Amino acid sequence: MEGLKALIKGLATTLKILFRKPVTEQYPEVKRALPARSRAVIVLTRDPDGEERCVACYLCSAVCPVSCISMQSAQREDGRRYARWFRINFARCIYCGLCEEACPTLAIQLTPHFETSQRDILKLVYEKEDLLVNHGGKNQDYNFYRYAGVTMVGDKGSHISEKEPVDLKSNLP
Amino acid sequence: MVLEWSLGFILLVVKLSVVLILLLTCAAYLVWVERKLLGRMQARYGPNRAGRYGLLQPMVDVIKLITKEDTVPEGASKIIFLLAPGVVALTALLIFAVIPFGRNITLWGRSVPLVITDLNIGLLFVLALSSIGVYGIALGGWASNSKYSLLGGIRGVAQMISYEIPLGLSVVPVIMLARSFSLVEITNAQSGYPFILVQPFSFVIFLIAAVAEIKRIPFDLPEAENELGAGYHTEYSGMRFGLFFLGEYITMIILGSLVAVFFLGGWHGPLLPPILWFLVKVGVIVFVLIWFRATFPRIRYDQLMNTGWKVLIPAALLNIIATGAIILAKT
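Residue numbers (the numbering used here), protein chains in the order written: chain A, 1 to 173; chain B, 174 to 504.
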């Protein structure tokens, strides 16, 4: 008898839900705003002066667990390194974000944009011109060469956001 | 004489084609209805991409099934494997031949009965064909040369043989009341009131046994997706799988029609035209089946056998005895 009551309760529940509005979000029509830090297509950002941030250090391609990043480094007239070509195979990329973590110059970044499916798999291989964007991504003001990789001009502690050197003798007890 | 005969023949052929086309279309759209209702009962939309409200979905599915590769697994006994789905679909279609779906209509001065054939043993015909339908499942499962298919087939046979007994027994009181095996006579006997009012137990037993007979949730052990892949039709692809599928949905309609004829008074009803009444009754039963599917979990094998042999059969027998006693007391 108890079982029968449970069955009827179940039937009532399904009947009730039949007249409720479905909770489905219909994807192509309704696009949910993704969190700013969600990880999808990779871009190469520029520093505030408009220069490419990438210094072709190969850290991203080394850390990439599926080896989808490849590049060729080169040196400019003024001695700054850059990538002669830079290629990401998005058919292999797993959007893990390790490249972004490895990058010392904040050049490589993951964006929330994810709608990149293609019928031809070779179209998923992005070259440098496809990856480069005209902004600084998540940190617009950062410029690697202001902090590192440049010759010191002033004394110790005069560099940008560098602390004064500690006088060891004044630290004595 | 010859003219009369050929006119009757042409009429029969026309009737057959109309019923066949309607039945197949209904079966195809029943898939759509089921998916839609299931979706809404689970608070989602169901198919809504192919055409408005997903109305083109059945056609798209049929095109997909027809154009798919028809594979035969290695080691299968080919002839049986290829024929088995046909048995299921054919027996399902044939049952509809004896079901009356409307009052006799008059066309050009001739009375045309709205039933393909008024067999005087219609009910036995129905039970016999549903038993033959088991062969399709058993042979399909056996011929596939796959353990999942075989297990599904074995379960199907065990289940359907067990539940055919309460199914047959539960309609005996109906026969006793109508004093006929013909489905047309049974319908006519309910012109005053539907038999569900005097035979509620029979109705419940018949409904449960019939749900088990057509292998739907909660009795879908032969095709238990999560244990057996897909059960007896695991190895089938393309339109042969489609035939199994078609058979299942036609039997759903057949079941609705049988419940309507045996217990709900067939096409009898006030105000609305008879055919519409029949469709409404079939629709209600089909809706209940889909509702069951959206609600109930699959029962265990021992529960299945216990309900069949220890509950339904004794209940059906008691019901027959009680009905007989009442009829005897009245005369």
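Built from N, CA and C at the ideal position, the CB exists for glycine as well.
Quick caveat: nothing in here was measured; it's all calculated off a predicted structure.
9 angstroms is my cut-off, CB to CB: does residue i come that close to chain B?
i: GLN26 (chain A); result: yes
i: VAL23 (chain A); result: yes
i: ARG32 (chain A); result: no
i: ARG146 (chain A); result: no
i: ARG87 (chain A); result: no
i: GLY10 (chain A); result: yes
i: LEU18 (chain A); result: yes
i: LEU131 (chain A); result: no
i: LEU110 (chain A); result: no
i: LEU7 (chain A); result: yes
i: ILE15 (chain A); result: It is worth fixing the name first, because residue 15 (chain A) is Leu in this sequence and not Ile. True, the Cβ-Cβ gap to chain B drops below 9 angstroms.
As a quick exercise: from the options, pick the residue whose alpha carbon is nearest that of residue i.
i: LEU44 (chain A); options: A:ARG146, A:ASN139, A:LYS169; result: A:ASN139
i: ILE205 (chain A); options: B:LEU195, B:ILE236, B:ARG217; result: Absent from the model: residue 205 (chain A). The displayed extent of chain A is 1 to 173, so no value can be given.
i: PHE376 (chain B); options: B:PRO470, B:LEU394, B:LEU342, B:SER355; result: B:LEU342
i: ALA6 (chain A); options: B:LEU477, B:THR480, B:PRO470; result: B:PRO470
i: ALA56 (chain A); options: A:GLN75, A:PRO65, A:ARG39; result: A:GLN75
i: THR290 (chain B); options: B:ILE278, B:LEU267, B:ILE463, B:SER410; result: B:LEU267
i: ASP243 (chain B); options: B:VAL357, B:LEU256, B:LEU176; result: B:LEU256
i: ASN143 (chain A); options: A:GLU51, A:VAL153, A:GLU29, A:GLU100; result: A:GLU51
i: LEU297 (chain B); options: B:VAL245, B:TYR366, B:SER319, B:ALA270; result: B:ALA270
i: PRO65 (chain A); options: A:TYR145, A:GLU101, A:THR14; result: A:GLU101
i: ALA339 (chain B); options: B:PHE254, B:ASN318, B:ALA383; result: Sequence inspection shows Pro at residue 339 (chain B); the Ala mentioned does not correspond to that position. Per the Cα distances, B:ALA383.
i: SER569 (chain B); options: B:VAL299, B:SER410, B:PHE392, B:PHE254; result: With chain B running from 174 to 504 in the structure shown, residue 569 (chain B) is simply not present.
i: LEU15 (chain A); options: B:ASN479, B:ALA467, B:THR504, B:ALA488; result: B:ALA467
i: LEU122 (chain A); options: A:SER70, A:ILE69, A:PHE90, A:LEU11; result: A:PHE90
i: GLU247 (chain B); options: B:PHE354, B:MET333, B:TYR409; result: B:TYR409
i: LEU292 (chain B); options: B:SER353, B:MET349, B:THR279; result: B:SER353
i: THR480 (chain B); options: B:VAL186, B:SER190, B:ILE378, B:PRO231; result: B:ILE378
Buried or exposed for residue i, please, with buried defined as at least 16 other CB atoms from any protein chain shown within 10 angstroms of its CB.
i: GLN72 (chain A); result: exposed
i: GLN363 (chain B); result: buried
i: ARG119 (chain A); result: exposed
i: ALA200 (chain B); result: buried
i: TRP205 (chain B); result: buried
i: THR360 (chain B); result: buried
i: HIS135 (chain A); result: exposed
i: TYR474 (chain B); result: exposed
i: ASN492 (chain B); result: buried
i: GLU421 (chain B); result: buried
i: GLU386 (chain B); result: buried
i: THR496 (chain B); result: buried
i: GLY438 (chain B); result: buried
i: TYR366 (chain B); result: exposed
i: PRO165 (chain A); result: exposed
Is there a Cβ of chain A sitting closer than 9 angstroms to that of residue i, yes or no?
i: ARG213 (chain B); result: yes
i: LEU221 (chain B); result: Reading off the sequence, residue 221 (chain B) comes out as Asn, not Leu. Answer yes: the Cβ-Cβ gap between ASN221 (chain B) and chain A drops below 9 angstroms somewhere.
i: LEU468 (chain B); result: According to the sequence provided, residue 468 (chain B) is Thr. The question's Leu does not apply to it. Output row for THR468 (chain B): interface = yes.
i: ARG473 (chain B); result: no
i: TYR226 (chain B); result: no
i: TRP205 (chain B); result: no
i: LEU210 (chain B); result: yes
i: ARG276 (chain B); result: no
i: TYR218 (chain B); result: yes
i: TRP464 (chain B); result: yes
Taking only runs that begin and end inside the segment 338 to 389 of chain B, name each unbroken beta strand (DSSP E) of 3 or more residues, in chain order.
none
For the pair the segment 256 to 264 of chain B and the segment 412 to 424 of chain B, tell me if three or more CB-CB distances fall below 8 angstroms.
yes
List in chain order: all unbroken alpha helix (DSSP H) runs of 4+ residues lying wholly within the segment 269 to 326 of chain B.
295 to 316
Across the segment 456 to 464 of chain B and the segment 301 to 313 of chain B, are there enough close Cβ pairs to call them in contact, namely three or more that are closer than 8 angstroms?
no
Assess contact between the segment 151 to 166 of chain A and the segment 104 to 123 of chain A, defined as three or more Cβ pairs (one per stretch) separated by less than 8 angstroms. Is contact present?
no
Cβ pair count under 8 angstroms reaching 3, the segment 82 to 91 of chain A against the segment 122 to 134 of chain A
yes
Flag this pair as touching only if the segment 278 to 288 of chain B and the segment 319 to 332 of chain B have three or more C-beta atom pairs under 8 angstroms; answer yes or no.
no
Counting pairs of beta carbons, one from the segment 23 to 43 of chain A and one from the segment 223 to 240 of chain B, are three or more of them closer than 8 angstroms?
no
The segment 430 to 450 of chain B in contact with the segment 266 to 277 of chain B per 3-pair CB rule at 8 angstroms:
yes
Between the segment 18 to 26 of chain A and the segment 209 to 223 of chain B, do at least 3 Cβ pairs fall closer than 8 angstroms?
yes
Should the segment 424 to 431 of chain B be called in touch with the segment 164 to 173 of chain A, which here means at least 3 C-beta pairs below 8 angstroms?
no
Three or more C-beta pairs closer than 8 angstroms, one from the segment 365 to 374 of chain B and one from the segment 313 to 324 of chain B: is that the case here?
no
Contiguous alpha helix (DSSP H) assignments of at least 4 residues, all confined to the segment 406 to 440 of chain B:
411 to 435
I'd like the ranges of any alpha helix (DSSP H) spanning at least 4 consecutive residues and lying wholly in the segment 190 to 272 of chain B.
230 to 240, 251 to 268
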